Every structure is written in C-alpha cells, then in structure tokens.
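Number of protein chains: 4
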Amino acid sequence: MARRAGSNGAETAEKLRNAALELFARSGYAAVSMRAIAAETGVQAGAIYNHFPTKQDLLNDLLQVHMETLLSSWEEAEKPDLAPPAALENFVRFHIRYHLTRSREVFISYMELRSLEGENFSAIEALRRKYESFPRAILEKGASDGSFDIIDPQVTTMAIIAMLNGMTTWFRGNGRLSLDEIEALYVRLVARLVGQKKED
Amino acid sequence: MARRAGSNGAETAEKLRNAALELFARSGYAAVSMRAIAAETGVQAGAIYNHFPTKQDLLNDLLQVHMETLLSSWEEAEKPDLAPPAALENFVRFHIRYHLTRSREVFISYMELRSLEGENFSAIEALRRKYESFPRAILEKGASDGSFDIIDPQVTTMAIIAMLNGMTTWFRGNGRLSLDEIEALYVRLVARLVGQKKED
Amino acid sequence: MARRAGSNGAETAEKLRNAALELFARSGYAAVSMRAIAAETGVQAGAIYNHFPTKQDLLNDLLQVHMETLLSSWEEAEKPDLAPPAALENFVRFHIRYHLTRSREVFISYMELRSLEGENFSAIEALRRKYESFPRAILEKGASDGSFDIIDPQVTTMAIIAMLNGMTTWFRGNGRLSLDEIEALYVRLVARLVGQKKED
Amino acid sequence: MARRAGSNGAETAEKLRNAALELFARSGYAAVSMRAIAAETGVQAGAIYNHFPTKQDLLNDLLQVHMETLLSSWEEAEKPDLAPPAALENFVRFHIRYHLTRSREVFISYMELRSLEGENFSAIEALRRKYESFPRAILEKGASDGSFDIIDPQVTTMAIIAMLNGMTTWFRGNGRLSLDEIEALYVRLVARLVGQKKED
DNA sequence: CATGAATGAGTTTTCATTCAT
DNA sequence: TATGAATGAAAACTCATTCAT
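Chains as they are written, first to last, in full-length UniProt numbering: chain D, 1 to 200; chain R, 1 to 200; chain W, 1 to 200; chain A, 1 to 200.
The structure is reproduced here in structure tokens:
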C-alpha cells in the first residue's frame, strides 16, 4: 500500500518523536524497539525510516531539540540586569517550570546521554555544560559582589542542579504541593545553599 | 567439556556479578547481553545460567545485595545517641563515603530500578524508602528540638539525597578535590539546607 | 511535486537503463536496489515505476535490447558471400569490437541470465542460441568445403565464444595491447582452433 | 530448545557449506538468504552464526577452501619433469577433471568474486593469479625450447583458461560426449592454440 | 559446573512496490 | 511524470534461554 489519504510527513515525524519520547522515558532507549514506536503511532516500522535514518538519530533528534529549546528558552527568560539574588531566583523558577513541563525530555537527556554515540554524545554534553554555566555565572557574580556567601561555586552549582533535577523524579502535580509552592520552596532552599544574606 | 580446572562456583558467580555490575552501569541493563557478560568473564553464556536463573535475577541480585548492604552498613554506622546536627553530619559522611566507593551500584540502583519487574521492583523500592527514612527522621527530630530550621522535611530530605547522589555523576577521586574535602563541603551544604543554627 | 522542469520521459528511461546497466554489472542484479538506481539517477525510487513496471522488467529490457541489437548488428556486419576463413575473421572482429564497446551488457547478459524469470529467461536464451548459430554455421561450411579442419564443430564453437568472451573480463583499452592488436591476435588464435590451412 | 541429540558442530558446518555452495551457485550470493540456507539444512537461521560469523564469511570460506584445494591438488598432479607438450596436456586434463567435479565451486569462484569485500577479495584474486601462473609457465617454457609456437603467452594463457572454464557452463555428463572424450578434445584444441608442432 | 550447539522469537534496517498529491 | 510517504514482507543478525555432552 502507499501513502494513506490525509497522511503528512511533518505530522508523522512529530507523532514519532512523541511516541519515542514517551517510550524512551518509560523503558529506556535500548529497551524500546522500532516496532514498539511504530505500534504506538500506528505506522509500520519501516515507515519510521522515512523520517529518521536510524534509531540513534531519533534519540539524537529528541535530545538535540530538547537542549536547544532549553537554551533558547533560558535566553528569553534571562533578565541580565537583575542582581544575583533575583537572578538566581529567576533561574530556579525557570528551571523548575521548564523541567516540570518537559519531565520526559529532562529524564532521557540525563538517562540516555550514554546511549548516544560519538559526536552525538559530545554535542549534547557541550550544550549541557553551556546550560550549567548560567547558574554558575550567577553564583560567581553573587560571590564577588558579596550578595552570596558561597562555599565552592563549582560544587554548589552542581548541587543546585542535582537538587532541582531530583525533584522531577518524585514531584506529581496532583500531590500535596502545587507547582507554585514547590517553586517557592526550592527558591528558599537554593538561597540557603548560596548563603544568601537575608532570607525570608 | 566439564568444569575447568580451578574454577569454582562461588568464584564464578562473583566474577559474573562484577562483570554485570560494570556493564549494566556503563551501558544499561537492556543494552547488555548475556553474551557480553560471558565474554567479560571468560565463560560461555550458557554457564551463567548455572548461577543465575535469568538475566532479570542477575540484576535483581545486584540491587538486592546493594540495598541490603547499604542498610546494614548504615545500621552499623548510625550512632543513635547523637544530637541531630551531629547525626546529620554522620549520615552525610556515611552516605558520601559509601556511595563513592560503590558508584556503580548506586548508579544502577537508580537507573535500572525501572528494569526490575513486578515484585522485584517493589522490594527494592521499599528498601530505598526505608533508607530515605533515616535522614528524614533526623530532620524531623532536629526540627522539633529546634536544632534545625527546616523549610519542609519531606522536600528537604529529597533535596539532600538528590544533591548527594548527584555528586556520584561528576566526582572523580583524582580531580581538584579529595574525598575528605568533598565530604566536608557537603556537610556544610547540608547544614545550610536544614537551617542549622551555628554553622562553623 | 510534479514533473521537474526539463525532465522528459524518454530521457529519464534512458538514464535509468544506464544506471541499472552500470550497477547490475558492478554488483549484480540481486544486490542492486531500486533505491540505488534511483539515487544514481537523481530521481525517487517511485518514479522508476513510471518507466519500468518491475525491477525484473528493467533487467529484462536491458538484456532483450542488448541481444536484439547484437543480432541486428551482426546482420549488418555479416557478409554472406565470404568464404569461411574470411567469414570467420569477419565474425571474430565483429564480436570483439562489439563486445568491448558493450562490456557491461555482455557481462550481465551472461551473469544475470539466471536472474531472469520464466519466459524472460527462455526468450534471451533463444536469442543467444541464435547468435551462437552464426559462427557454428561458418565452421560447418568451412569443415565441409575443406577450408577448416575442425575437431568438433559444436565444441569448437563454444570454445571460440568462451575464449572471446573471456577477453572482456581482463582487456583494458589502456593496457599493453591496442584493440586492433587484440583483434588481430584473436583472429589468429581462432584460425588455429579451426585448423585453418595456411595461417599467416 | 538446545542442542539436538546427535547433532555435532563439524557436521553442521559441513552441511551448511554444502547448502550454501549449492544455493550460491544456483541463485547467486546476494539472492540467497540465510534463512534459505537454514531451510535447506534443517537448522534455524540463527544457528548458522554458531559456525560462520557472517554471510560474507560463509562465502569467503567456500572460495578460500576451493582455491586452496585447487592449488594443492595441482601441486600433487603436477609432474615437473615433463616436457612442455606433455606438461600442458597434464594441466588440461587436470583442470578439466577437477573443474567438472567441482563445477559449483568453480562457478561461484568466478561469479561471486565481486561479492567478496576488501581483503577477502584480494586474497582470492591472488590465489587465482597464482593458479594461472602454472599454465603460463608451461607456455613460456615451451615457447623458449621450441616445442610451442606461441602467438602471445599472456593472451594465450587467458584464452586457454577461458576456453576451458567455458565448458563448465554447458557440459553435462549425460550428454553426447563423455568426460574422457571432452578431455581428449580439449587437449587437442589447446595444442592447436599453442602451435604445438606435430599434433596427432 | 562448563561448553558449544541449538531454538524461536526478537532486533534494526532494507526491500520492491503502491499511491495520494 | 515526479515526489514523498506509506506498506508488508523480508533481510542479516542478536537475543535469552535450553540442553546433550
């Protein structure tokens, strides 16, 4: 058979991306077969190859797009003129909101980095390091202007990011705390980590 | 052929556990074949089945042993009479030291939890929740006796654990900081998170 | 999209025939995909089916055209009034020149005969047998009029053809011998095979 | 299931070699699937990989073994003290007998050389060139001692080999001519090609 | 206990072919 | 006529697992 009436390339690619995202997040890249992705989207396994040359490319596409969207979203959300405490709060709120609405992307971008081969791996890792440089810059600025009392900027940055990302593994919107409450809570926790002068 | 001269059941099982640990940590459970484990240990794939009934059992064995060792190690390290600040410091130091010497076990116990089926999954998760209850208990005690100023005990516990575990992904013994320095550093970061009164 | 500016049915079919000829000769019919032929010509695989109903038809077309051209070329080159020695020389020169300028066609017409299905196979084989009857007729005439001393007309015919065709697998125009020299050389070899009376 | 009682590695490998030989000769390497070979031998497709790492290795094994057996058989059949005419007759008889009893090996060693990749290709080609050097040496010796009147040793060698090999494509043991008759016939044809002085 | 051979279902990917546009 | 998206079957190869030896 051939193209089904009403089918459309861009739409199918998007359906595939979505299904792969969901399945990779749930079961892991290696455990998900092209057939499983096909079944989820209602196309034949072979048809996937019209849109992504290999399974690896499908993963890479997801991670690449995720990291680039993350970076460009931050560039929009960033307010360069803010003083370090407000800048850090802005980052924490951005990070939480962004990550909670893309929890699957975030999850696989950490879990499946190792499933990327060669150049794909390096490219994503570089983007991630770039993202991590944003909070570090804020911390360093706050350390030098005296608004923070940082124990070790490098370690504190990693601690903050690990702390924030950890939340995506247990937070459920319908639990005890709302997104707003979580955000406020983490803003305060981070403020403590950086030794911010007058907290609450 | 039969048993190779000098080979021994318990030894082989241990070699297999080690190879599986290494490979699962490096590539993920689903991406590692029984043949790969066999190749790493120098036995044939079929021989693995003399020691572990299925691949799933091999993973389960690793995680089960890890969690039980973790729990019993903590029970030895725990000093029930310490006041909350010292108790928390004790926990942080224990956790870091334990996790940095078993980074592969820790890694797969987080990453491959989802690869466990049914009961295996529940059993490990229960053990993990039990482990997480230890710091939470310390936090709660410190909150009620006034030695800590905790924002939210549940969230803070998760934040502490995420922060500590995050370290295993970037810490390398031969880097800028020694294990002792890292320990001291995280003790102070955690103290800040719980709002400990007089830090250093 | 529709027809690309400047594209034209007959032209495209010819491009396809050429690409298929080249690829079938290089890698063999079974090893060449429609997509490979498409890639070589810059069209999409689907477009091939506007010109050839199946892959098998494409091969058949090549072989059919080749054999028919070969036969009609010989009918033009044949000089029915020549005495057997001159007639045989004429055939050898024709065969060599024709085959060296169509080495790919010749090659696949021998190699891929078996890839033809049913009737296609029989049709080509019949044409080939017809072609082989020409030298055999010359040999038989020469045997009966005493200008040749043939050991076995049937076997000698096959021997001559095999000998001549073998050349297409190793002869390169830019080697030690020119086409003219090769021709002259094989004329003498064939004359020996048929026991021609006064050779050079 | 596992190994079937009575099954045996060396036997299975031999069965596979035989089936592959037959099928490759009949349909060509590219057109034969591992499943087809499996079906012919009664094993599962996957089991083939216990004996040959890839399909390419299976072909290579066949050609390698064939060429090496051919060379060592000739070394046994060769009688180095014979004068060129007798030596050439010896070679022709050897070649015909050997090739007619291994027509499938011969066939694929010519047809599927191109299906060999890289080093495999070069190795087989080198062996073949070595084999072709044997008749050439005889021709050269006969040319210099005056027992032959050779037109061009290089071309004549190729012509002889092509002529002899051509026979495998049409000779059937149950046809008009017996193997002995064919042999005798080709001995005389070859004698003519090399301009041997007093033929019958 | 270990080996090596086997199974049967699975993997990613490619194929010839079709057809809406 | 050509494109690009689709199908369904098949390709080579791998997998977890089993079992005779």
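We put the CB at the ideal spot given by N, CA and C, even for glycine.
Small disclaimer: the values here were computed from a predicted structure and weren't measured.
Query raised in the report: Mind listing which residues of the segment 139 to 169 of chain R have their C-beta closer than 9 Å to chain D's C-betas, in chain order?
Result: 151, 152, 154, 155, 156, 158, 159, 160, 161, 162, 163, 164, 165, 166, 167, 169
Report task. Return the first residue and the last residue of the alpha helix (DSSP H) that residue 187 of chain A is part of. Result -> The residue given as residue 187 of chain A occupies position 187 in the fourth sequence. Note, residue 187 of chain A: alpha helix (DSSP H), 179 to 193.
**Report entry** the segment 88 to 122 of chain W: positions lying closer than 9 Å to chain A by Cβ
**Finding:** 110, 111, 112, 114, 115
Query raised in the report: Given a threshold of 16 other Cβ atoms within 10 Å of its Cβ, counted over all protein chains shown, does residue 60 of chain R qualify as buried or as exposed?
Result: The residue you call residue 60 of chain R lines up with position 60 of the second sequence. Per the 10 Å Cβ criterion, buried.
Query raised in the report: Got a sec, what are the start and stop residues for the alpha helix (DSSP H) residue 49 of chain W sits in?
Result: Counted from its first residue, the third sequence places residue 49 of chain W at position 49. Careful: residue 49 of chain W lies outside any alpha helix (DSSP H) and carries neither H nor E.
Query raised in the report: Does the Cβ-Cβ distance between residue 112 of chain D and residue 29 of chain D come in under 8 Å?
Result: Position 112 of the first sequence holds residue 112 of chain D. Position 29 of the first sequence holds residue 29 of chain D. Yes.
Query raised in the report: When DSSP labels each residue in this structure, what does residue 151 of chain W get in the three-state scheme?
Result: Counted from its first residue, the third sequence places residue 151 of chain W at position 151. Three-state result, residue 151 of chain W: coil.
Query - Sequence-distant residues of its chain with Cβ nearer than 8 Å to residue 186 of chain D (five each side left out) - result: Mapped onto the first sequence, residue 186 of chain D falls at position 186. Excluding positions up to five away in sequence, the list reads 92, 96, 163, 164, 167.
Requested in this report: Look at residue 63 of chain W and residue 116 of chain W and say whether their C-beta atoms are less than 8 Å apart.
Outcome: By one-based count along the third sequence, residue 63 of chain W stands at place 63. By one-based count along the third sequence, residue 116 of chain W stands at place 116. Their beta carbons are under 8 Å apart, which means residue 63 of chain W touches residue 116 of chain W by this criterion.
Query raised in the report: Listing by chain order, which chain A residues have their CB less than 9 Å from the CB of residue 136 of chain W?
Result: Taking the first residue of the third sequence as 1, we reach residue 136 of chain W at position 136. Simply none; closest approach about 13 Å.
Query - Cut-off 8 Å between Cβ atoms - residues of its own chain near residue 71 of chain R, not counting five sequence neighbours on either side - result: Here residue 71 of chain R refers to the residue found at position 71 when the second sequence is read from its first residue. Contacts found: 127, 130, 131.
Requested in this report: Please confirm whether residue 43 of chain R and residue 12 of chain R have their CB atoms less than 8 Å apart.
Outcome: In the second sequence, counting from the first residue as 1, residue 43 of chain R sits at position 43. In the second sequence, counting from the first residue as 1, residue 12 of chain R sits at position 12. Contact flag set, yes.
**Report entry** Pairwise C-alpha distance: residue 180 of chain W and residue 55 of chain A
**Finding:** For the purposes of this step, residue 55 of chain A is identified with residue 55 of the fourth sequence, where counting begins at 1. For the purposes of this step, residue 180 of chain W is identified with residue 180 of the third sequence, where counting begins at 1. Approximately 43 Å between the Cα atoms of the pair.
Report task. Flag this pair as yes or no: are the beta carbons of residue 148 of chain D and residue 142 of chain D separated by less than 8 Å? Result -> In the first sequence, residue 148 of chain D corresponds to position 148, counting from 1. In the first sequence, residue 142 of chain D corresponds to position 142, counting from 1. Contact flag set, yes.
Requested in this report: Have a look at residue 39 of chain W and residue 45 of chain W and give me their C-alpha separation to the nearest angstrom.
Outcome: On the third sequence, position 39 is the one that residue 39 of chain W refers to. On the third sequence, position 45 is the one that residue 45 of chain W refers to. C-alpha separation (whole angstroms): 8 Å.
**Report entry** Test: residue 58 of chain W CB closer than 8 Å to a CB of chain A
**Finding:** Looking up residue 58 of chain W in the third sequence gives position 58. Chain A contact via Cβ: absent.
Query - Beta-carbon proximity check, residue 102 of chain D vs residue 25 of chain D, cutoff 8 Å - result: Here residue 102 of chain D corresponds to residue number 102 of the first sequence, with the count starting at 1. Here residue 25 of chain D corresponds to residue number 25 of the first sequence, with the count starting at 1. Contact: no.
Query raised in the report: Could you give the residue range of the alpha helix (DSSP H) that holds residue 84 of chain D?
Result: Stepping through the first sequence from its first residue, residue 84 of chain D is reached at position 84. Start and end: 84 to 101.
Query - Neighbour flag for residue 1 of chain A against chain W, beta carbons, 8 Å - result: As a working note, residue 1 of chain A is residue 1 in the fourth sequence. Bear in mind that a pLDDT of 47 at residue 1 of chain A, under 50, signals an unreliable position, so the number given afterwards is only what the model happens to contain. With 8 Å as the cut-off, residue 1 of chain A does not count as an interface residue toward chain W.
Query - Cβ of residue 128 of chain D within 8 Å of any chain R Cβ - result: The residue given as residue 128 of chain D occupies position 128 in the first sequence. No, no contact with chain R.
Requested in this report: Anything in chain A within Cβ reach of residue 36 of chain W, meaning under 7 Å, just list it in chain order.
Outcome: In the third sequence, the residue the question calls residue 36 of chain W occupies position 36. Going along chain A, no residue has its Cβ under 7 Å from residue 36 of chain W, so there is no contact; the nearest lies around 12 Å.
Report task. Following the continuous alpha helix (DSSP H) through residue 81 of chain R, name the residue where it begins and the one where it ends. Result -> For this step, residue 81 of chain R is matched to residue 81 along the second sequence. Residue 81 of chain R -> no alpha helix (DSSP H), and no H or E assigned at all.
Query raised in the report: So what does DSSP say about residue 30 of chain R, is it helix, strand or coil?
Result: Along the second sequence, read from residue 1 onward, the residue named residue 30 of chain R stands at position 30. Coil at residue 30 of chain R, not helix or strand.
Query raised in the report: Expressed to the nearest angstrom, what Euclidean distance is found between the alpha-carbon atoms of residue 169 of chain W and residue 14 of chain A?
Result: Translated into the one-based positions of the third sequence, residue 169 of chain W becomes position 169. Translated into the one-based positions of the fourth sequence, residue 14 of chain A becomes position 14. Residue 169 of chain W and residue 14 of chain A have their C-alpha atoms spaced approximately 32 Å apart.
Query raised in the report: Should residue 210 of chain A and residue 106 of chain A be called a contact, given that it needs their Cβ atoms to be closer than 8 Å?
Result: No answer is possible for residue 210 of chain A: the residues shown for chain A start at 1 and end at 200.
Requested in this report: Helix, strand or coil for residue 22 of chain A, going by three-state DSSP, please let me know.
Outcome: Here the question's residue 22 of chain A lines up with position 22 in the fourth sequence. Reduced to three states, the DSSP call for residue 22 of chain A is helix.
Query raised in the report: Can you give the Cα-Cα distance for residue 159 of chain D and residue 88 of chain R, rounded to whole angstroms?
Result: Numbered from 1 along the first sequence, position 159 holds the residue referred to as residue 159 of chain D. Numbered from 1 along the second sequence, position 88 holds the residue referred to as residue 88 of chain R. If you take the alpha carbons of residue 159 of chain D and residue 88 of chain R, they lie about 17 Å apart.
Report task. Quick one: measure Cβ to Cβ for residue 37 of chain R and residue 19 of chain R, integer angstroms, because I've assumed they're closer than 8 Å. Result -> The sequence position of residue 37 of chain R within the second sequence is 37, counting from 1. The sequence position of residue 19 of chain R within the second sequence is 19, counting from 1. Indeed they touch by this definition, with Cβ atoms about 5 Å apart.
Query raised in the report: Using the beta-carbon count (16 or more within 10 Å), is residue 125 of chain D buried or exposed?
Result: Numbered from its first residue, the first sequence carries residue 125 of chain D at position 125. So residue 125 of chain D ends up on the exposed side.
Query raised in the report: Beta-carbon of residue 30 of chain D versus every beta-carbon of chain R: anything under 8 Å?
Result: Looking up residue 30 of chain D in the first sequence gives position 30. Interface residue (Cβ-Cβ distance to chain R less than 8 Å): residue 30 of chain D is classified as such.
Query raised in the report: Using a Cβ-Cβ cut-off of 8 Å (strictly less than) and excluding sequence neighbours within five positions of residue 240 of chain R, which residues of its own chain qualify?
Result: Here chain R comprises residues numbered 1 to 200, so residue 240 of chain R is not present and cannot be evaluated.
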